[in-house]
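Colleague:
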Amino acid sequence: MSEIKLMRKKNTILMLAAVLILLSLGLLGGQLISQQYQPIDPTDVKGIDIHIPPASNAAEIAALLKAQGLIRSEDFFVAYCRQKGLDSQLKAGHYRFSRSQGLEEIAAAIAEGRVVLLSLTIPEGYTVAQIGELLVSKGICSPEEWQQVSSDDYDFPFLKNQPSSVKQPLEGFLFPDTYAFDESTTAREIINIMLTRFERVWNEQFAQLAKAQNRDVLEVITTASLIEEEAQVAAERARIAGVIKNRLERNMLLQIDATVLYSLGTNKPVVTYADLKVNSPYNTYLYPGLPPGPIACPGKASIQAALAPEKHDFLYYVARGDGSHEFTATFAEHLAAQRRYAN
Numbered sequence: 397m398s399e400i401k402l403m404r405k406k407n408t409i410l411m412l413a414a415v416l417i418l419l420s421l422g423l424l425g426g427q428l429i430s431q432q433y434q435p436i437d438p439t440d441v442k443g444i445d446i447h448i449p450p451a452s453n454a455a456e457i458a459a460l461l462k463a464q465g466l467i468r469s470e471d472f473f474v475a476y477c478r479q480k481g482l483d484s485q486l487k488a489g490h491y492r493f494s495r496s497q498g499l500e501e502i503a504a505a506i507a508e509g510r511v512v513l514l515s516l517t518i519p520e521g522y523t524v525a526q527i528g529e530l531l532v533s534k535g536i537c538s539p540e541e542w543q544q545v546s547s548d549d550y551d552f553p554f555l556k557n558q559p560s561s562v563k564q565p566l567e568g569f570l571f572p573d574t575y576a577f578d579e580s581t582t583a584r585e586i587i588n589i590m591l592t593r594f595e596r597v598w599n600e601q602f603a604q605l606a607k608a609q610n611r612d613v614l615e616v617i618t619t620a621s622l623i624e625e626e627a628q629v630a631a632e633r634a635r636i637a638g639v640i641k642n643r644l645e646r647n648m649l650l651q652i653d654a655t656v657l658y659s660l661g662t663n664k665p666v667v668t669y670a671d672l673k674v675n676s677p678y679n680t681y682l683y684p685g686l687p688p689g690p691i692a693c694p695g696k697a698s699i700q701a702a703l704a705p706e707k708h709d710f711l712y713y714v715a716r717g718d719g720s721h722e723f724t725a726t727f728a729e730h731l732a733a734q735r736r737y738a739n
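Take the sequence shown: its letter number 78 is residue 474 in our numbering, and every next letter is one higher.
Have a look at this one:
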């Protein structure tokens, strides 16, 4: 009987030991699994940029995250995504994570497409060509792609029925503003976004005033583009608009240097007498009236000035050299002002 009791006691001890071992292994396994969910370093909040290319699968994304030290195990990330049904929802784009974020948070962000938005400011007075150069410099498109998409047709009412002499139909209508884009946004989509912004601003703030003056959008924006290029001091916008209006009413050539530069496709600082002879319908030294279309993309202030020019008798202005101008009413006064500010 004593031997049987002894055997039972040994078996009980062995069973208890086995249970303890299993519990320990389970606890250790649970800790290891739990650790996979935890941030690599809860105190490291430095942003790490990750670009996930289109059509990337969970394994490829896991490799990118592991390479940047954002997750502990590629296999665990893939398994987690499959278990949660996220593997088919992971989205391409530009993301910013830190090592203080856990696996669940990172996976959810990618599945929901919480990409980092790129801020892009289009300055007032930029031409379509300059906007293209800016987008190329940001890596958004290639020069060839911009050439293609900026030559395509876009379905907006203000772009219809333009004269055949218009050099670039989009000119003047890519509204200058600060935009936030997903990195995956294409150049074509950006053009549509800027045209949509112009349409909203025009309809909300300027369309009724233009209609009351019996002026169409092309005329107003063309005038505004001249003001944008000529006015370096904000307070002079309406005054320059008044000079343009006065000269047009008197059938005087506008003789605006910026139209010559646009005709030449250059931004050089000095216009020569030879430049003034360039044979282009945009050259207001040779052709009367407004140019066929805008020469740049004006902002709100210049559009407002085009619709509300200052009333005065000025027909001329001369640059003072500090960005401002001296305005005069007669040619004799204009010549005197030129002598004062020569060189």
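Note that CB positions come from ideal geometry on N, CA and C, so glycine has one too.
Can you give me the start and stop residues for the alpha helix (DSSP H) that residue 708 sits inside?
Modeller: Note, residue 708: premise wrong, no alpha helix (DSSP H); not H, not E.
Colleague: How would you call residue 419, buried or exposed, if buried means at least 16 neighbouring beta carbons within 10 angstroms?
Modeller: Because the pLDDT at residue 419 is just 49, under 50, the model does not fix this residue reliably, and the value given afterwards should be weighed accordingly. Flag for residue 419 reads exposed.
Colleague: Relative to the alpha-carbon of residue 461, which residue among 429, 502 and 451 has its alpha-carbon at the smallest distance?
Modeller: 502
Colleague: If I follow the unbroken beta strand (DSSP E) through residue 576, where does it start and stop?
Modeller: Element bounds for residue 576: 574-578.
Colleague: Assuming residue 368 and residue 638 form a contact by the criterion Cβ under 8 Å, report the distance between their Cβ atoms to the nearest whole angstrom.
Modeller: Absent from the model: residue 368. The displayed extent of the chain is 397 to 739, so no value can be given.
Colleague: May I ask you to report which of helix, strand or coil DSSP gives residue 460?
Modeller: helix
Colleague: Give me the DSSP bridge partner(s) of residue 493.
Modeller: 444
Colleague: Consult DSSP for residue 720 and reduce its assignment to one of helix, strand or coil.
Modeller: In this structure, residue 720 counts as coil in the three-state DSSP scheme.
Colleague: Kindly provide the ranges of any alpha helix (DSSP H) runs that are 4 or more residues long and lie completely inside the region 492-579, ordered along the chain.
Modeller: 499-508, 524-533 and 539-545
Colleague: Please check the pair residue 517 and residue 574, which I expect to be a contact at CB under 8 Å, by giving their CB distance rounded to whole angstroms.
Modeller: 4 Å
Colleague: In the DSSP assignment, the alpha helix (DSSP H) including residue 590 goes from what residue to what residue?
Modeller: For residue 590, the enclosing alpha helix (DSSP H) begins and ends at 583-597.
Colleague: Taking all protein chains shown into account, decide if residue 691 is buried (16 or more other Cβ within 10 angstroms of its Cβ) or exposed.
Modeller: buried
Colleague: Please say whether residue 505 and residue 474 have beta carbons closer to each other than 9 Å?
Modeller: Their beta carbons are not under 9 Å apart, which means residue 474 does not touch residue 505 by this criterion.
Colleague: For residue 542, which residues from the same chain have a beta carbon less than 7 Å from its beta carbon, with the 5 sequence-adjacent residues on both sides left out?
Modeller: 528, 531, 532 and 583
Colleague: List the residues that DSSP assigns as beta-bridge partners of residue 715.
Modeller: 721
Colleague: With burial defined as no fewer than 16 other Cβ atoms inside 10 Å of the residue's Cβ, what is the status of residue 424: buried or exposed?
Modeller: At residue 424 the pLDDT is 47, less than 50, meaning the model places this residue with poor confidence; the figure from the coordinates comes in the next sentence. With fewer than 16 neighbouring CB atoms inside 10 Å of its own CB, residue 424 falls in the exposed class.
Colleague: My understanding is that residue 513 touches residue 467, with C-beta atoms under 8 Å, so please give their C-beta distance in whole angstroms.
Modeller: Actually they are not in contact, since the Cβ atoms of residue 513 and residue 467 sit about 24 Å apart, beyond 8 Å.
Colleague: Restricting to Cα atoms, I'd like to know which of 704, 491, 675 and 708 is closest to residue 604.
Modeller: Closest option to residue 604, Cα to Cα, is 704.
Colleague: Give every residue of the same chain whose Cβ lies closer than 7 Å to the Cβ of residue 641, excluding the five residues on either side of it in the sequence, and list them in chain order.
Modeller: Cβ neighbours of residue 641 within its own chain (closer than 7 Å, five residues either side excluded): 705.
Colleague: Quick check on this structure: which residue in 563, 623 and 633 has the alpha carbon closest to the alpha carbon of residue 653?
Modeller: 623
Colleague: Classify residue 727: buried if its beta carbon has 16 or more other beta carbons within 10 angstroms, exposed otherwise.
Modeller: exposed
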